[in-house]
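Novice:
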Amino acid sequence: MHGYKTKPLPNLGQSDHISLLMIPSYRPLVCRIRPSTREIRVWPVGASEQLQDCFRSTEWSLFVENNVDTYASTVLFYVKSCIDVVTTTKQIRVFPNNKPWLNRDVYLLLKARNAAFHSGDAQQYREARAKLKKGIRNAKAMYCRRIEKHFESSDPRRVWQGLRQITGQNIKNELASSSAHLADQLNQFFSRFEEGTGTTVTTALATSTSSETTTDRQPFLLQTCDVQRAFRSINIRKAAGPDGIMGRVIRDCAAELAGVFTDIFNLSLLQGSVPTCLKTSIIVPVPKQSVVVSLNDYRPIALTSVVMKCFERLVLDHIKAGLSSTLDPFQFAYRRNRSTDDAISIAVHTVLSHLERQGTYARLLFVDYSSAFNTILPDRLFLKMTNLGIHQKICLWVRNFLTDRPQTVRMGPYYSSTLVLSTGAPQGCVLSPFLYSLYTFDCTPLYKSNTIIKFADDTTVVGLISENDETAYRKEVQGLIQWCKENNLMLNTKKTKELIIDFRRKKSVFLPLHINGEEVERVGSFKYLGIYISEDLSWTANINMVVRKVQGRLYFLRMLRGLNLSQHLLLSYYHSTIESVLTYSILSWYGSSSETDKKALQRIIKIAQNVIGLQLPTLDEIFTSRTLKKSHNILRDPTHPAHNFFELLPSGRRYRTMKTRTTRLLNSFYPRALIALNNDLRASCKK
């Protein structure tokens with residue numbers, strides 16, 4: 001009865017019986033959700049060839065200007081005009097109950113069937129109905145082949161896209177409360193760090209601009225072949241920026257457009273000025289969680305010009321090539337041969353090595369910043385880049401890139417008014433993550449007993465305490481607070497947590513830590529870089545989370561088998577969405593896990609193995625192979641913080657193993673990596 005609503009009706013005739021009308025509570029999807037209207041761009045056959053001919057015959061010298069703003073905006077407007085001439089746009093209505101396999105041919109057959117029905121001709125109706133059934137079968141077969149291509153791809157995004165389409169989970173959650181007023185509110189909120197952040201480094205800036213170390217070298221200029229290569233590597237699925245130029249146009253017409261944009265890029269680098277049209281951004285608020293309570297629950301993602309992304313990528317490669325490989329070794333993000341595995345393993349090894357001694361414990365402070373990318377001061381970043389020896393022209397260009405940036409927030413069909421920002425680096429730009437790592441490279445420990453581990457804006461202070469003396473650790477935290485004030489980074493004390501690891505039998509009373517007058521919450525476990533670290537350094541909480549997450553995906557694996565997908569596609573899905581979760585950062589926790597937890601994980605693999613019908617590698621095999629691979633990568637990288645752990649003995653036949661007093665340290669990654677490496681060397685010698 002819960003599926004119906006009752007409505008009383010008049011009595012039946014002269015009787016005293018009441019009649020009730022049963023109304024189904026369920027409302028069809030097409031009644032609950034109104035159809036939406038979308039504007040799509042139609043690319044006629046041969047449109048790319050027409051654009052190539054158009055750009056090839058264009059006299060680009062007519063656009064040349066000394067003012068890089070005028071030069072770039074004129075060229076972009078011309079390119080957009082050519083696209084509008086060659087392509088067309090049309091509006092389509094999308095109904096919520098549309099089947100994903102419906103296409104234009106099926107719609108035409110459906111209309112023909114309906115017309116035959118209304119005509120009253122039985123023979124014509126039977127023929128139209130038979131054609132419709134055949135058309136539906138063909139459409140479903142084409143759709144099935146398209147979905148199978150998703151699973152053949154090694155791209156997890158395409159795999160999940162195919163899965164959502166098969167299971168009907170492809171309906172996007174729209175922002176229910178979107179409005180022009182909310183868009184303006186969000187734009188003001190995202191630009192809140194703009195107020196009161198006037199430069200305080202004017203004197204130092206004037207001194208640094210005359211530095212001889214950055215003016216003696218030739219300025220960095222781009223070659224046409226480099227720009228063309230960057231254009232050809234564009235992902236055409238990325239959304240167009242405010243200029244409306246799609247990645248498909250840039251990629252297909254790379255040879256024709258590379259010359260003029262190389263000229264614009266080089267003029268921009270020489271003048272140290274980024275055209276306003278290229279640094280304009282549209283901010284798309286993305287909810288951080290399913291239920292949005294406040295403005296802070298939105299993450300600002302910037303849509304910028306596709307052309308500018310290519311430009312940023314070329315500048316990024318140049319800056320990286322000129323920097324020392326030993327810069328900020330404990331920043332594990334945005335660097336080759338670094339991952340979350342390395343950050344977690346270094347943190348755990350640092351703690352366990354210290355706890356080998358009597359009367360010791362460790363305090364880990366997991367620091368949280370409020371909108372770290374949005375608080376970068378361009379002038380201070382300029383100073384830091386200059387001190388690193390980066391060419392002054394590049395430093396000026398980067399500072400200009402971050403200042404006077406027009407920004408608009410888009411929520412559905414609504415746009416906010418435009419604000420001009422000169423603080424922060426927009427999330428979504430190619431350069432922003434690397435600029436943040438340069439901005440924080442001087443955030444280093446003041447005392448040898450402390451370690452500061454960074455992964456992008458995730459910062460962890462590891463304090464190694466001996467004989468209950470926390471002086472160095474507490475001074476380190478105060479030094480970090482002062483560094484944040486000087487660099488305009490806002491510490492979020494409510495989200496900052498502390499974890500204390502203490503295996504002593506007689507534990508002392510731990511005094512709480514305070515930041516800016518607020519007490520930091522002490523927790524028993526913390527999710528660090530996607531892995532739960534507990535105060536007893538057991539991994540049960542993390543493995544329970546992994547098991548719960550994977551069990552939901554096993555349901556989809558069974559569903560795919562029920563759809564008669566081939567074993568090859570089922571195996572591809574398993575590797576992309578189940579094994580990837582089971583083995584995430586496996587090097588940092590699997591060796592120290594209990595046998596009970598390992599069996600719980602292995603049961604998941606056995607279930608998947610039975611569903612697929614193929615033999616799957618065990619977690620022990622995966623852990624061993626990845627351990628050897630990571631060990632060899634560390635050996636080839638002298639700048640890796642763990643490189644000095646791998647010391648070859650004078651015999652040259654094996655590596656020196658670590659001295660361990662406890663099984664906790666023995667089972668951690670680096671001691672086990674040395675053992676696995678020696679076993680591998682011994683096995684290779686026998687062969």
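Okay, so the sequence shown: first residue is 1 according to the UniProt record's numbering, each after it adds one.
The beta carbon of each residue, even a glycine, is placed where N, CA and C say it ideally should be.
Let me confirm a value: H17 is counted as buried when at least 16 other C-beta atoms fall within 10 Å, else exposed. Which label applies?
Specialist: Locating residue 17 in the sequence shown gives position 17, where the first residue counts as 1. Exposed: under 16 other Cβ atoms inside 10 Å.
Novice: Measuring alpha carbon to alpha carbon, tell me which of P638, N400, I301 ends up nearest P329.
Specialist: In the sequence shown, counting from the first residue as 1, residue 329 sits at position 329. Comparing Cα-Cα distances from P329 to each of P638, N400, I301, the minimum goes to P638.
Novice: Do R405 and L421 count as a contact pair if the criterion is CB distance below 8 Å?
Specialist: What you label residue 421 is simply residue 421 of the sequence shown in a count that begins at 1. What you label residue 405 is simply residue 405 of the sequence shown in a count that begins at 1. Yes, these two residues count as a Cβ contact at 8 Å.
Novice: What's the call for K7, buried or exposed, on a 16-neighbour Cβ count within 10 Å?
Specialist: For the purposes of this step, residue 7 is taken as the residue at position 7 of the sequence shown. Result: exposed.
Novice: Who are the near neighbours of L316 in its chain, counting only those whose CB is closer than 7 Å to its CB and skipping five residues on each side?
Specialist: Locating residue 316 in the sequence shown gives position 316, where the first residue counts as 1. Answer for L316: V430, L431, F434, listed in chain order.
Novice: Ignore the nearest five residues each way along the sequence and tell me which others in T618's own chain have a CB closer than 7 Å to its CB.
Specialist: Position 618 of the sequence shown, counting from 1, holds the residue named residue 618. If we look at T618 and ignore the five residues flanking it on each side, its Cβ neighbours are Q602, I605.
Novice: By the DSSP assignment, the beta strand (DSSP E) with G463 in it spans what residues?
Specialist: Here residue 463 refers to the residue found at position 463 of the sequence shown. Taken as a continuous stretch (DSSP letters only), the beta strand (DSSP E) holding G463 covers 458-466.
Novice: Look at the alpha carbon of R672 and the alpha carbon of N492, and state the distance between them as a whole number of angstroms.
Specialist: For the purposes of this step, residue 672 is identified with residue 672 of the sequence shown, where counting begins at 1. For the purposes of this step, residue 492 is identified with residue 492 of the sequence shown, where counting begins at 1. If you take the alpha carbons of R672 and N492, they lie about 37 Å apart.
Novice: Under the DSSP definition of a beta bridge, which residues are partnered with K454?
Specialist: Position 454 of the sequence shown holds residue 454. Answer is Q331, T459.
Novice: Hey, out of T340, E49, A347, K133, whose CA is closest to V106's CA?
Specialist: Translated into the one-based positions of the sequence shown, residue 106 becomes position 106. For V106, the nearest C-alpha among the options comes from K133.
Novice: Can you tell which of T471, N337, Q331, R335 has the C-alpha that lies nearest to the C-alpha of A347?
Specialist: Looking up residue 347 in the sequence shown gives position 347. Of T471, N337, Q331, R335, the residue nearest in Cα terms is Q331.
Novice: Below 8 Å on the Cβ atoms is my contact criterion, and I expect D243 with S305 to pass it. Report the Cβ-Cβ distance as a whole number of Å.
Specialist: Residue mapping note: residue 243 aligns to position 243 of the sequence shown, counting from 1. Residue mapping note: residue 305 aligns to position 305 of the sequence shown, counting from 1. About 5 Å; that satisfies the 8 Å criterion.
Novice: With a 10 Å radius around its C-beta and 16 neighbouring C-beta atoms as the bar for buried, classify P285 as buried or exposed.
Specialist: Within the sequence shown, numbered from 1, the residue matching residue 285 stands at position 285. P285 comes out buried.
Novice: If you compare alpha carbons, which of S339, N374, L327 is closest to K384?
Specialist: In the sequence shown, residue 384 corresponds to position 384, counting from 1. Measuring from the Cα of K384, the nearest candidate turns out to be L327.
Novice: Could you tell me the alpha carbon to alpha carbon distance between L649 and F669, rounded to whole angstroms?
Specialist: Here residue 649 corresponds to residue number 649 of the sequence shown, with the count starting at 1. Here residue 669 corresponds to residue number 669 of the sequence shown, with the count starting at 1. Between L649 and F669, the C-alpha separation is close to 20 Å.
Novice: Between the C-alpha atoms of E312 and F261, what's the straight-line distance to the nearest angstrom?
Specialist: The sequence position of residue 312 within the sequence shown is 312, counting from 1. The sequence position of residue 261 within the sequence shown is 261, counting from 1. Rounded to the nearest angstrom, the two C-alpha atoms are 13 Å apart.
Novice: Using a Cβ distance threshold of 8 Å, determine whether the region 352-367 contacts the region 465-476, with at least three qualifying pairs required.
Specialist: The region 352-367, when compared against the region 465-476, does touch it at the 8 Å Cβ threshold.
Novice: Among L614, I543, M308, which residue has its Cα nearest to the Cα of Y584?
Specialist: If you number the sequence shown from 1, residue 584 lands on position 584. Residue I543 is the option with its Cα nearest to Y584.
Novice: Please work out which residues of its chain come closer than 8 Å, Cβ to Cβ, to Y436, disregarding the five sequence neighbours upstream and downstream, and give them in chain order.
Specialist: For the purposes of this step, residue 436 is identified with residue 436 of the sequence shown, where counting begins at 1. Closer than 8 Å at the Cβ level, and outside the excluded window around Y436, lie A372, F373, I376, A425, A456, D457.
Novice: Write down the C-beta distance between Q407 and I283 rounded to the nearest angstrom, noting that I regard them as a contact closer than 8 Å.
Specialist: Translated into positions along the sequence shown, residue 407 becomes position 407. Translated into positions along the sequence shown, residue 283 becomes position 283. Rounded, the Cβ-Cβ distance is 6 Å, consistent with contact.
Novice: Check whether the region 337-344 touches the region 576-590, taking contact to mean three or more Cβ pairs, one atom from each stretch, closer than 8 Å.
Specialist: Touching, per the Cβ criterion.
Novice: What residue does the alpha helix (DSSP H) around L674 start on, and which one ends it?
Specialist: Sequence index remark: in the sequence shown, residue 674 carries index 674 (1-based). Residues 669-686.
Novice: For the region 42-111, which segments carrying the alpha helix (DSSP H) assignment without a break, of at least 4 residues, lie completely within its bounds, in sequence order?
Specialist: If we require 4 residues or more, the alpha helix (DSSP H) runs fully inside the region 42-111 come out as 47-56, 68-86.
Novice: Considering just the uninterrupted stretch of the beta strand (DSSP E) at A302, what are its terminal residues?
Specialist: Counting from one through the sequence shown, the residue named residue 302 turns up at place 302. Taken as a continuous stretch (DSSP letters only), the beta strand (DSSP E) holding A302 covers 298-303.
Novice: Who are the near neighbours of N633 in its chain, counting only those whose CB is closer than 6 Å to its CB and skipping five residues on each side?
Specialist: Reading the sequence shown from its first residue, position 633 is the one you call residue 633. Cβ neighbours of N633 beyond the five flanking positions: N337.
Novice: Looking only at its chain, what residues have a beta carbon closer than 7 Å to the beta carbon of S273, apart from the 5 residues adjacent to it on each side?
Specialist: For the purposes of this step, residue 273 is taken as the residue at position 273 of the sequence shown. Taken in chain order, the residues that qualify are V68, N400.
Novice: Buried or exposed for I171, please, with buried defined as at least 16 other CB atoms from any protein chain shown within 10 angstroms of its CB.
Specialist: Working through the sequence shown from its first residue, we reach residue 171 at position 171. Here the model assigns I171 a pLDDT of 47, short of 50, so the residue's position is not dependable and the matter cannot be decided.
Novice: Taking the beta carbon of Y4 as the centre, do at least 16 other beta carbons fall within 10 Å, making it buried, or is it exposed?
Specialist: To locate residue 4, count along the sequence shown from 1; it is residue 4. Flag for Y4 reads exposed.
Novice: Check the C-beta distance from W397 over to L269 and give it rounded, since I have them as a contact under 8 Å.
Specialist: For this step, residue 397 is matched to residue 397 along the sequence shown. For this step, residue 269 is matched to residue 269 along the sequence shown. Contact holds; Cβ gap of about 6 Å.
Novice: Strictly by DSSP, which residues pair up with S36?
Specialist: Within the sequence shown, the letter at position 36 stands for residue 36. For S36, which the question treats as bridged, DSSP gives the partners V94.
Novice: Once you ignore the five residues that flank I301 on each side, which residues in its own chain have a CB closer than 8 Å to its CB?
Specialist: On the sequence shown, position 301 is the one that residue 301 refers to. For I301, where only same-chain residues beyond five positions count, the Cβ hits under 8 Å are I283, V284, P285, V286, Q427, G428.
Novice: Quick one: using the 10 Å Cβ neighbour count with 16 as the cut-off for buried, is K686 buried or exposed?
Specialist: In the sequence shown, the residue the question calls residue 686 occupies position 686. Exposed.
Novice: Report the rounded CA-to-CA distance for K288 versus R299, giving the unit in angstroms.
Specialist: Along the sequence shown, one-based indexing puts residue 288 at 288. Along the sequence shown, one-based indexing puts residue 299 at 299. Using only the alpha carbons, I get a separation of about 6 Å.
Novice: Taking just the CA atoms, how far does N610 sit from M559?
Specialist: On the sequence shown, position 559 is the one that residue 559 refers to. On the sequence shown, position 610 is the one that residue 610 refers to. Between M559 and N610, the C-alpha separation is close to 14 Å.
Novice: May I have the straight-line CA-CA distance separating A204 from L381, to the nearest angstrom?
Specialist: Locating residue 204 in the sequence shown gives position 204, counting from the first residue. Locating residue 381 in the sequence shown gives position 381, counting from the first residue. Its pLDDT being 44, under 50, A204 is placed unreliably in this model, and the value from its coordinates should be taken loosely. So the two alpha carbons sit approximately 12 Å from each other.
Novice: Taking Cβ to Cβ, would you say V94 is nearer than 8 Å to P24?
Specialist: As a position in the sequence shown, residue 94 is number 94, starting the count at 1. As a position in the sequence shown, residue 24 is number 24, starting the count at 1. No, the pair does not count as a contact, with Cβ atoms beyond the cut-off.
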